[in-house]
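Our numbering puts the first residue of the first sequence at 412, with every later residue one more than the last.
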Amino acid sequence: MENTLILYNTLTRKKEIFLPVNPPFVGIYVCGPTVYGDPHLGHARAALTFDTVFRYMKHIGYKVRYVRNITDVGHLENDADEGEDKIGKKARLEQLEPMEVVQYFTDRYHLYMDLLNILKPSIEPRASGHIIEQIELIKKIFDAGFAYESKGSVYFDVEKFAKTNNYGKLSGRILEDLLSNTRQLEGQQEKHNSADFALWKNAMPEHIMRWPSPWGDGFPGWHAECSAMSVKYLGEHFDIHGGGMDLLFPHHEAEIAQSKAALGHEPVHYWMHNNMITINGQKMGKSLGNFITLEEFFKGSHKALEKAYTPMTIRFFILQAHYRSPLDFSNEALQAAEKGMKKLFEAGRSLQRLIASPPSENILTSPGISISDIRKSCYEAMNDDFNSPILIANLFELVRIINSVTDKKERLSLTDLLDLSELYNAFVFEVLGLKDESSGNNAELLDGLMNLIIELRAQVRSNKDYATSDKIRDELLRLKIQVKDGKEGATWTIDS
RNA sequence: GGUUUCGUGGCCGAGCGGUUAGGCAGCGGUCUGCAAAACCGUCUACAGCGGUUCGAAUCCGCUCGAAACCUCCA
Numbered sequence: 412m413e414n415t416l417i418l419y420n421t422l423t424r425k426k427e428i429f430l431p432v433n434p435p436f437v438g439i440y441v442c443g444p445t446v447y448g449d450p451h452l453g454h455a456r457a458a459l460t461f462d463t464v465f466r467y468m469k470h471i472g473y474k475v476r477y478v479r480n481i482t483d484v485g486h487l488e489n490d491a492d493e494g495e496d497k498i499g500k501k502a503r504l505e506q507l508e509p510m511e512v513v514q515y516f517t518d519r520y521h522l523y524m525d526l527l528n529i530l531k532p533s534i535e536p537r538a539s540g541h542i543i544e545q546i547e548l549i550k551k552i553f554d555a556g557f558a559y560e561s562k563g564s565v566y567f568d569v570e571k572f573a574k575t576n577n578y579g580k581l582s583g584r585i586l587e588d589l590l591s592n593t594r595q596l597e598g599q600q601e602k603h604n605s606a607d608f609a610l611w612k613n614a615m616p617e618h619i620m621r622w623p624s625p626w627g628d629g630f631p632g633w634h635a636e637c638s639a640m641s642v643k644y645l646g647e648h649f650d651i652h653g654g655g656m657d658l659l660f661p662h663h664e665a666e667i668a669q670s671k672a673a674l675g676h677e678p679v680h681y682w683m684h685n686n687m688i689t690i691n692g693q694k695m696g697k698s699l700g701n702f703i704t705l706e707e708f709f710k711g712s713h714k715a716l717e718k719a720y721t722p723m724t725i726r727f728f729i730l731q732a733h734y735r736s737p738l739d740f741s742n743e744a745l746q747a748a749e750k751g752m753k754k755l756f757e758a759g760r761s762l763q764r765l766i767a768s769p770p771s772e773n774i775l776t777s778p779g780i781s782i783s784d785i786r787k788s789c790y791e792a793m794n795d796d797f798n799s800p801i802l803i804a805n806l807f808e809l810v811r812i813i814n815s816v817t818d819k820k821e822r823l824s825l826t827d828l829l830d831l832s833e834l835y836n837a838f839v840f841e842v843l844g845l846k847d848e849s850s851g852n853n854a855e856l857l858d859g860l861m862n863l864i865i866e867l868r869a870q871v872r873s874n875k876d877y878a879t880s881d882k883i884r885d886e887l888l889r890l891k892i893q894v895k896d897g898k899e900g901a902t903w904t905i906d907s
């Protein structure tokens, strides 16, 4: 691998050189969505962060297996609701099978990820499809002596684990603080300790999502699925585990403890976490009235939005910030991003029309700047913990060159032009995963253009200038557009 | 209250001890039949207060502000 990739490991709070377990293979596990609601910006940022990792690693030659799960068992509403299964609750409210709810929101998630041009992961395992693996994991933890059963539920003994292991190493939590900080809640006497977490939960009779287990009917604790599925598909040692910063504690901390208890070692080598988003400087929350789904963004159908923003605008906007920085959404910022992206794409279209200067008059681009320098900067940016904002800054340097050459203010040799073109395409489309939306979806534009042409042609015909009229018709035909003159004027069709 | 991220110019956002970030907006110019685009030039910054250093946006401490997590459960 010619590129030395450096990434920030949350575990050590440092940037580290990335050394895969089995080069050129790389295993990545990312915590995917809990499918009980419509996808929103938080989903987009997390998915896009690791889409960029996935894309770039493939670009520099790694063979990546990217696993992103779907959490579809036993979840609670987080805020006001009390101790009820998220998916089960939604199901009863809407009179649906739980799996029907899961399917619906999984499909919605996929739809919006596709619109954002986020690549599908290599494997997308569902928690509900891996109950057996989770039970096996819990058995191992039992055998190792770090689990206890209580009224049909199984809990992880954090205090015991912490005696011989560093519990809290990922999140910086200190066990004593956790124990002293927590208040005693009724109904939780099942746990020996407030810091303990569930491995398996006994299902009450009204709980509709349930599976048989050695401890009775129930459902797995939240953290079990990721430990079980990551190891199943990536092995007992794998490279990267990712997710949002909100999952740091308790979820990822618990995963580390579980895996260590079950396997005797930690499977994950690098932990990566993307930062959160805010809207107009505020957190996004249903109670604050600024909870905006991706559908609402794309349609512009939320009162906080001045207009609709295309998937690529959202994508570009998110990529303009580093994944470890908080990102604030505002109309002003989105519109600035929209204009910037348009500029990037317009340069891309100009690039296709550029011609190299003949060798006799080859003059390089502006003094001191070469395409290979920019190429180097692009790779340096991405190698340095996936710094997409710096990459984009470099791409705007390409834009400047393209526009200058278009204006005949600078010149490019054929080699430079080919290099420039390759660089632009590789980073804009392949690595950043952007798509020029105006070129793909332009039915409206085409309609407008054709109406204009037809009208002009009608004027020409009324002047009996049939030479021009026929020329228009013939030229259009060459573009596979057939003009048909009828009694009520001309119509046109596209021949495919 | 604890843990973890942050606080940069009109707005968004890079920056990891000394050297231009970049985008959007503004201003001045070039180009243009007009408009748009483009190109050139230009302005303004590092939350506050201390400390370390020859030198700090960048390291340390405190204060203020924001976000995530810290209870069941996923």
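C-beta: ideal position from N, C-alpha, C; glycine also.
The model shown is predicted, which means the values in this text are computed figures rather than measured ones.
Annotation for Thr-721: Glu-848 place their beta carbon closer than 6 Å to its own, counting only its chain and skipping 5 residues before and after.
In this structure, Pro-616 is the residue among Val-437, Glu-636, Pro-616, Ala-635 with its C-alpha nearest to the C-alpha of Asp-628.
By the C-beta criterion, the region 645–664 is judged not to be in contact with the region 744–759, since fewer than 3 inter-stretch pairs fall below 8 Å. When secondary structure is reduced to three states using DSSP, Gly-859 falls in the helix class. The alpha helix (DSSP H) runs of length 4 or more contained entirely in the region 764–823 are, from start to end of the chain, 782–794, 799–817.
Taking all protein chains in view, the Cβ of Gly-632 is crowded by 16 or more other Cβ atoms within 10 Å, so the residue is classified as buried.
A direct Cα-to-Cα measurement between Asn-836 and Ile-534 gives close to 27 Å. DSSP, reduced to helix, strand and coil, places Thr-423 outside both helices and strands of the structure shown, so it counts as coil.
Along the length of the region 557–587, whole beta strand (DSSP E) runs at least 3 residues long occupy 558–561, 564–567, reported in chain order. Taking a cut-off of 8 Å on C-beta distances, the region 443–450 touches the region 496–505, as three or more cross pairs fall below it. Listed in chain order, the non-local C-beta contacts of Thr-902 below 7 Å within the same chain comprise Lys-895, local neighbours out to five positions each way being set aside.
Remark: three or more beta-carbon pairs, one from each stretch, lie closer than 8 Å, so the region 647–666 and the region 579–591 are flagged as touching. A contact between stretches requires three or more CB pairs, one per stretch, nearer than 8 Å, and the region 780–793 meets this requirement with the region 823–840. It is roughly 10 Å from the alpha-carbon of Gln-506 to the alpha-carbon of Val-512. Ser-591 counts as exposed, since fewer than 16 other beta carbons sit within 10 angstroms of its beta carbon.
Uninterrupted beta strand (DSSP E) stretches at least 3 residues long and entirely within the region 622–646 occur at 629–631, given in chain order.
The Cβ atoms of Thr-689 and Asp-739 lie closer than 7 Å to each other. In the three-state DSSP reduction, His-663 falls in the helix class (H, G or I).
The region 605–620 makes no contact with the region 522–536; the number of CB pairs closer than 8 Å stays below 3.
Cβ neighbours of Asn-742 within its own chain (closer than 6 Å, five residues either side excluded): Glu-717. The beta carbon of Met-752 sits closer than 7 Å to those of Met-723, Thr-724, Phe-727, all from its chain and outside the five residues before and after it, given in chain order. With fewer than 16 other beta carbons inside 10 angstroms of its own, Thr-826 counts as exposed. Ranked by Cα distance from Ala-606, the first of Phe-461, Ala-573, Leu-452, Asp-554 is Ala-573.
With at least 16 other beta carbons inside 10 angstroms of its own, Asn-685 counts as buried. Between Pro-800 and Ala-732 a beta carbon distance of about 6 Å is seen, short of the 8 Å cut, so the two are scored as contacting. Taken atom to atom, the span from the alpha-carbon of Tyr-467 to that of Glu-808 is near 20 Å. Between Ile-481 and Asn-794 the beta-carbon gap is near 31 Å, outside 8 Å, which marks them as no contact. With fewer than 16 other Cβ atoms from the protein chains shown falling within 10 Å of its own Cβ, His-676 counts as exposed. In the structure shown, Tyr-473 adopts coil according to DSSP, grouped into three states.
Within a 10 Å sphere around the beta-carbon of Ser-736 sit fewer than 16 other beta-carbons, which makes this residue exposed.
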